[in-house]
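**Student:** What follows is a structure written as structure tokens; I'll ask about it next.
In the working numbering, the protein residues as written are 21 to 284.
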């Protein structure tokens with residue numbers, strides 16, 4: 021197993037825990053986090069001793085989305101480089117969504133952008149009280165393109181149409197009401213709630229659990245990992261085009277410079 025720099029990976033009693041470990045930047049993504057998380061998830065998926073996977077964050081946040089330094093580099097990158105970057109993120113989300121093991125999001129704090137995408141890819145999502153959730157990309161002149169298939173699966177088209185366009189930030193109870201998360205517990209009760217879900221999974225036949233997950237995909241439109249790759253090409257191309265557009269460049273620079281964009 022790789023000596024990871026940005027995440028922690030451990031397996032104990034049949035539970036693989038993947039922890040985003042950049043608390044100083046609220047577990048934001050960059051081009052080191054994405055391949056490390058992808059590798060850890062694939063390791064968990066191929067480990068016969070792993071019955072379920074828990075995804076969480078270190079410190080006070082689950083994940084703030086894209087790292088500022090990474091965003092700065094993307095401002096200066098051309099459309100092809102932005103597309104390649106988006107496809108890497110798409111690969112991570114695909115690996116998580118179609119992982120042949122049950123996945124549980126242990127949401128210890130707030131999640132934005134790609135962090136919300138990770139939650140939407142998990143089979144079970146348990147959040148601590150006080151966590152906030154936002155799809156705020158439009159405020160930067162962008163859209164939640166690569167995460168959109170999974171978020172729409174989780175919350176439905178009607179809620180996605182509202183939140184993708186408004187960029188509204190939700191509290192945990194509101195996120196539960198629209199289906200993004202399944203339960204809200206106290207911060208002190210978060211570990212017990214996650215352990216209960218792992219215990220329930222442990223009581224079920226592992227082959228039946230894997231088949232049950234595949235059944236949902238088969239019945240609900242028949243989307244699979246190969247089909248998702250085709251969708252990812254389109255969403256990656258969209259976000260790349262928006263990042264290098266005049267509006268996208270203005271939105272990203274305004275955010276990085278801590279000022280209002282011109283359209284405001």
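The C-beta atom is built at its ideal place from N, Cα and C for all residues, glycine as well.
Among 65, 134, 49, which residue has its Cα nearest to the Cα of residue 123?
**Tutor:** 65
**Student:** Where residue 51 and residue 95 are concerned, what is the direct C-alpha to C-alpha distance, given to the nearest angstrom?
**Tutor:** 14 Å
**Student:** Does the distance from the CB of residue 145 to the CB of residue 192 come in under 8 Å?
**Tutor:** Remark: C-beta atoms of residue 145 and residue 192 do not approach each other more closely than 8 Å.
**Student:** Pairing CB atoms from the stretch 209 to 218 with CB atoms from the stretch 155 to 164, are three or more of them under 8 Å?
**Tutor:** No, they do not touch.
**Student:** For residue 278, count neighbouring Cβ atoms within 10 angstroms of its own Cβ and tell me buried if that reaches 16, exposed if not.
**Tutor:** exposed
**Student:** Determine, using beta carbons only, whether residue 104 and residue 147 come nearer to each other than 8 Å.
**Tutor:** no
**Student:** Counting only runs that start and end within the stretch 44 to 89, where is the beta strand (DSSP E) found for 3 or more residues in a row?
**Tutor:** 72 to 77
**Student:** Would residue 208 be called buried (16 or more neighbouring beta carbons within 10 Å of its own) or exposed?
**Tutor:** exposed
**Student:** Assuming residue 38 and residue 27 are in contact, meaning their beta carbons sit under 8 Å apart, how far apart are those beta carbons, in whole angstroms?
**Tutor:** 6 Å
**Student:** How about the stretch 79 to 87 and the stretch 116 to 135: do they share at least three Cβ pairs that are nearer than 8 Å?
**Tutor:** yes
**Student:** Report the residue from 282, 244, 242, 125 whose alpha carbon sits nearest the alpha carbon of residue 78.
**Tutor:** 125
**Student:** With distances taken between CB atoms, is the gap from residue 251 to residue 169 smaller than 8 Å?
**Tutor:** Closer than 8 Å, so yes.
**Student:** Residue 200 and residue 153: beta carbons closer than 8 Å?
**Tutor:** yes
**Student:** From the DSSP output, in three-state form, read off residue 31 for me.
**Tutor:** strand
**Student:** Can you give me the C-alpha to C-alpha distance between residue 244 and residue 118, rounded to a whole angstrom?
**Tutor:** 8 Å
**Student:** Can you round the beta-carbon distance between residue 171 and residue 180 to whole angstroms, since I take them to be within the 8 Å contact cut?
**Tutor:** 6 Å
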